[in-house]
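Chains as they are written, first to last, in our numbering: chain A, 1431 to 1660; chain B, 1431 to 1660.
For glycine and all other residues, C-beta sits at the position ideal for the given N, C-alpha and C.
The model shown is predicted, which means the values in this text are computed figures rather than measured ones.
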DNA sequence: GCGCGCTTTTGATCTTGGTCAAACAGTCAG
DNA sequence: CTGACTGTTTGACCAAGATCAAAAGCGCGC
């Protein structure tokens, strides 16, 4: 691969602590590729052939069931994704597509598995990554099971804001339809959910969201008592 | 700990491949304890102090939100649980209670983390366990997001049957209310869901379920094209 | 065997969110 | 600037599932 973003990738939690020579081995066997928007990177059911690391852009992980799709996760840079399928050498459970033009590092799955067996630090980092991913999913599932749609949106906004240093005013990243799917509702319903949040001091204008009264929003959202992991 | 079930535990995927001396070290630092039914083993939000391995009995992992609870997973023997919280040294995201009288192996989290760092085979096994757990959760979430209740029940029955060697006639393990909560519906609705499945050749009598027409049930359930991992 | 307590089932009604349709807004090519 | 295209919003209606209430089963101790 090109050396341009090597430092950035080397700083990733996943690769940070590993042996330098090993890291060099992994990176030199990998490809950094640019994909246009709306391109499918891989599909559910296919054997996992590459570990993916999003370097730049925006990627959606989704599952298409009978008729409708649902988005499982929006991947932001710089993050590795579908670690589990690669590690277990099992078929992908989710499909992936780019939302915007994206640069992705592709690490051959077999290479990854081989190096992981030799480099303990990499294995430990992978383990940690998987554990955090698992906890993410546990949260998402409980959210889905015991909160209703407007609450889910409220929580999402609070977390999104927290990720951006508790900004009370920010832009939503993707399209609203994708957000709706992520939160497990229809676009129409997302619209209405924003409507009910207006009463809790949230104003929306296009993609721009402003949280006027954080306390009121939190009271409405009843956020998770266990704080987020990352 | 007592040596009675050591072979059984040593045969677990998690401990199987590790160094014998290390395994001895882990097990001798652990406790095997018997708990009565309906006892809370730990609660969400508390720091993870033990890796748990269910040796015998039945354990429910659940989350209690505002008012209602939801069960996340029914743990059957012999399985380790809450690996992620232990590995990351983060608070439990789920609570656990026994459903029946249960024997549980308690491995101190610090000991587990210490040994994992030294024993590569254990680390690899833990990583694998986490990856499978992650995939479990991905499945559960998609199930929740894009199937409706009767379909979820149908799929659950098919999978439960598959776990028991494709038995067409079997007993549900726990109470129906727990099953309902696991499938993300109310007990009333579970009852009605069984009703609609009657039309697809499923007959229920108490806890006894009989699948008369597997093909019809599968057609109704539209099962996941990606086969189960374990 | 009888009665108490609990789970499950059934029925009636209500709420949430989905569906369908149309208006509206923003973007971009010509 | 204008028109076509796409995405968002609004409104009317519908369906799945929750809630409430009551009846029916079932297990267990006395």
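Can you give me, in chain order, the residues of the stretch 1509–1542 of chain A that have a beta carbon less than 7 Å from any beta carbon in chain B?
-> For the stretch 1509–1542 of chain A, which is checked against every Cβ of chain B, the residues closer than 7 Å are 1514, 1517, 1518, 1520, 1521, 1523 and 1524.
Listed in chain order, which residues of the stretch 1562–1575 of chain A have Cβ atoms closer than 8 Å to some Cβ of chain B?
-> For the stretch 1562–1575 of chain A, the residues whose beta carbon sits under 8 Å from a beta carbon of chain B are, in order, 1562, 1563, 1564, 1565, 1567, 1568, 1569, 1570, 1571, 1572, 1574 and 1575.
Roughly how many whole angstroms lie between the Cα atoms of residue 1621/A and residue 1549/B?
-> Indexing the first chain from 1 puts residue 1621/A at position 191. Indexing the second chain from 1 puts residue 1549/B at position 119. Distance from the CA of residue 1621/A to the CA of residue 1549/B, rounded to the nearest whole angstrom, comes to 52 Å.
Check distances from the C-beta atoms of the stretch 1548–1560 of chain A to those of chain B and list, in chain order, the residues that come in under 8 Å.
-> Answer set for the stretch 1548–1560 of chain A: 1550, 1553, 1554, 1556, 1557, 1558 and 1560.
Can a CB atom of chain B be found closer than 7 Å to the CB of residue 1495/A?
-> What you label residue 1495/A is simply residue 65 of the first chain in a count that begins at 1. Judged by the 7 Å Cβ criterion, residue 1495/A is in contact with chain B.
So which residues on chain B does residue 1655/A lean against when the C-beta distance must stay under 8 Å?
-> Numbered from its first residue, the first chain carries residue 1655/A at position 225. Residues of chain B passing the Cβ test: 1474 and 1475.
Using 7 Å as the limit for Cβ to Cβ distance, is residue 1607/A near chain B?
-> For the purposes of this step, residue 1607/A is taken as residue 177 along the first chain, with counting starting at 1. No, no contact with chain B.
So the beta strand (DSSP E) residue 1486/B belongs to, where does it begin and stop?
-> Taking the first residue of the second chain as 1, we reach residue 1486/B at position 56. Residue range 1480–1486 is occupied by the beta strand (DSSP E) that includes residue 1486/B.
So what does residue 1635/B bridge to, in DSSP terms?
-> Locating residue 1635/B in the second chain gives position 205, where the first residue counts as 1. Beta-bridge analysis with DSSP links residue 1635/B to 1638/B.
Would you list the one or two residues that DSSP bridges to residue 1503/A?
-> Against the first chain, residue 1503/A aligns to sequence position 73. The partner list for residue 1503/A (beta bridge, DSSP) reads 1491/A.
Hey, out of 1557/A, 1578/A, 1571/A and 1659/A, whose CA is closest to residue 1589/A's CA?
-> As a working note, residue 1589/A is residue 159 in the first chain. Out of 1557/A, 1578/A, 1571/A and 1659/A, 1659/A has the C-alpha closest to the C-alpha of residue 1589/A.
Min CB distance residue 1638/B to chain A below 7 Å = Position 208 of the second chain holds residue 1638/B. By this cut-off, residue 1638/B is not an interface position.
Take every Cβ of the stretch 1623–1631 of chain A, pair it with every Cβ of the stretch 1567–1585 of chain A, and state whether three or more of those distances are shorter than 8 Å.
-> Short answer: they touch.
Residue 1534/B - DSSP class collapsed to helix/strand/coil = The sequence position of residue 1534/B within the second chain is 104, counting from 1. Correct three-state label for residue 1534/B: strand.
Are three or more beta carbon pairs between the stretch 1554–1561 of chain B and the stretch 1507–1520 of chain B nearer than 8 Å?
-> They touch, by the three-pair rule.
Is there contact between the stretch 1599–1615 of chain A and the stretch 1446–1453 of chain B, where contact requires at least three CB pairs shorter than 8 Å?
-> The count of Cβ pairs closer than 8 Å, one atom from the stretch 1599–1615 of chain A and one from the stretch 1446–1453 of chain B, stays below three, leaving the stretches out of contact.
Shortest alpha-carbon distance to residue 1636/B belongs to which of 1599/B, 1463/B, 1611/B and 1648/B?
-> Locating residue 1636/B in the second chain gives position 206, where the first residue counts as 1. Looking at the Cα atoms, 1599/B is the closest of the given residues.
According to the neighbour-count rule (16 or more other Cβ atoms, all chains shown, within 10 Å of its Cβ), is residue 1650/A buried or exposed?
-> Walking along the first chain from the start, residue 1650/A turns up at place 220. Counting Cβ neighbours within 10 Å, residue 1650/A comes out buried, since at least 16 surround it.
Those residues which DSSP pairs with residue 1463/B across a bridge = As a first step, residue 1463/B is located in the second chain; it is residue number 33 there, counting from the start. The partner list for residue 1463/B (beta bridge, DSSP) reads 1534/B.
Closest Cα partner of residue 1634/B within the set 1616/B, 1613/B, 1602/B and 1611/B | Numbered from 1 along the second chain, position 204 holds the residue referred to as residue 1634/B. Measuring from the Cα of residue 1634/B, the nearest candidate turns out to be 1602/B.
With DSSP collapsed to three states, give me the class of residue 1527/A.
-> In the first chain, residue 1527/A corresponds to position 97, counting from 1. The answer is strand: DSSP assigns residue 1527/A an E or B state.
If we count Cβ pairs, one from each stretch, closer than 8 Å, do we get three or more for the stretch 1638–1647 of chain A versus the stretch 1523–1539 of chain A?
-> Not touching, per the Cβ criterion.
DSSP beta-bridge partners of residue 1511/B | Position 81 of the second chain holds residue 1511/B. According to DSSP, residue 1511/B bridges with 1482/B.
Closer than 9 Å by beta-carbon distance: list the chain A residues that pair up with residue 1652/B, in chain order.
-> Taking the first residue of the second chain as 1, we reach residue 1652/B at position 222. Neighbours of residue 1652/B in chain A, taken as residues at a C-beta separation under 9 Å, are given in chain order as 1495 and 1496.
According to DSSP, is residue 1477/B helix, strand or coil?
-> In the second chain, the residue the question calls residue 1477/B occupies position 47. It is a strand residue.
Excluding five sequence neighbours on each side, which residues of the same chain lie with their C-beta closer than 6 Å to the C-beta of residue 1471/A?
-> On the first chain, position 41 is the one that residue 1471/A refers to. The answer, listed in chain order, is 1526.
Do you know how far the Cα of residue 1522/B is from the Cα of residue 1473/B?
-> Taking the first residue of the second chain as 1, we reach residue 1473/B at position 43. Taking the first residue of the second chain as 1, we reach residue 1522/B at position 92. If I take the Cα positions, the gap works out to 7 Å.
Shorter than 7 Å from the beta carbon of residue 1604/A to some beta carbon of chain B?
-> Position 174 of the first chain, counted from the start, is the residue given in the question as residue 1604/A. Judged by the 7 Å Cβ criterion, residue 1604/A is not in contact with chain B.
Residue nearest to residue 1541/B in terms of C-alpha spacing, selected from 1505/B, 1478/B, 1576/B and 1465/B = Position 111 of the second chain, counted from the start, is the residue given in the question as residue 1541/B. Considering only 1505/B, 1478/B, 1576/B and 1465/B, the residue with the shortest C-alpha distance to residue 1541/B is 1478/B.
Does the distance from the C-beta atom of residue 1452/B to that of residue 1568/B stay below 7 Å?
-> Start at 1 with the first residue of the second chain, and residue 1452/B comes out as number 22. Start at 1 with the first residue of the second chain, and residue 1568/B comes out as number 138. Cβ atoms of residue 1452/B and residue 1568/B: not closer than 7 Å.
Compute the distance between the beta-carbons of residue 1576/B and residue 1495/A, then report whether it is under 7 Å.
-> For the purposes of this step, residue 1576/B is taken as the residue at position 146 of the second chain. For the purposes of this step, residue 1495/A is taken as the residue at position 65 of the first chain. A contact, by the Cβ cut-off of 7 Å.
Amino acids of chain A, ordered along the chain, whose beta-carbon sits closer than 8 Å to that of residue 1470/B | Indexing the second chain from 1 puts residue 1470/B at position 40. By Cβ distance, chain A contributes nothing, its closest Cβ being about 16 Å from residue 1470/B, past 8 Å.
Verify the CB distance criterion: does residue 1500/B have a CB-CB separation below 7 Å to chain A?
-> The residue given as residue 1500/B occupies position 70 in the second chain. So, interface residue.
Can you give me the Cβ contacts of residue 1543/A inside the same chain, cut-off strictly under 8 Å, excluding the 5 residues immediately before and after it?
-> For this step, residue 1543/A is matched to residue 113 along the first chain. Correct list, in chain order: 1516, 1517 and 1519.
Relative to the alpha-carbon of residue 1653/A, which residue among 1586/A, 1463/A, 1595/A and 1596/A has its alpha-carbon at the smallest distance?
-> Counted from its first residue, the first chain places residue 1653/A at position 223. Scanning 1586/A, 1463/A, 1595/A and 1596/A for the CA closest to the CA of residue 1653/A turns up 1586/A.
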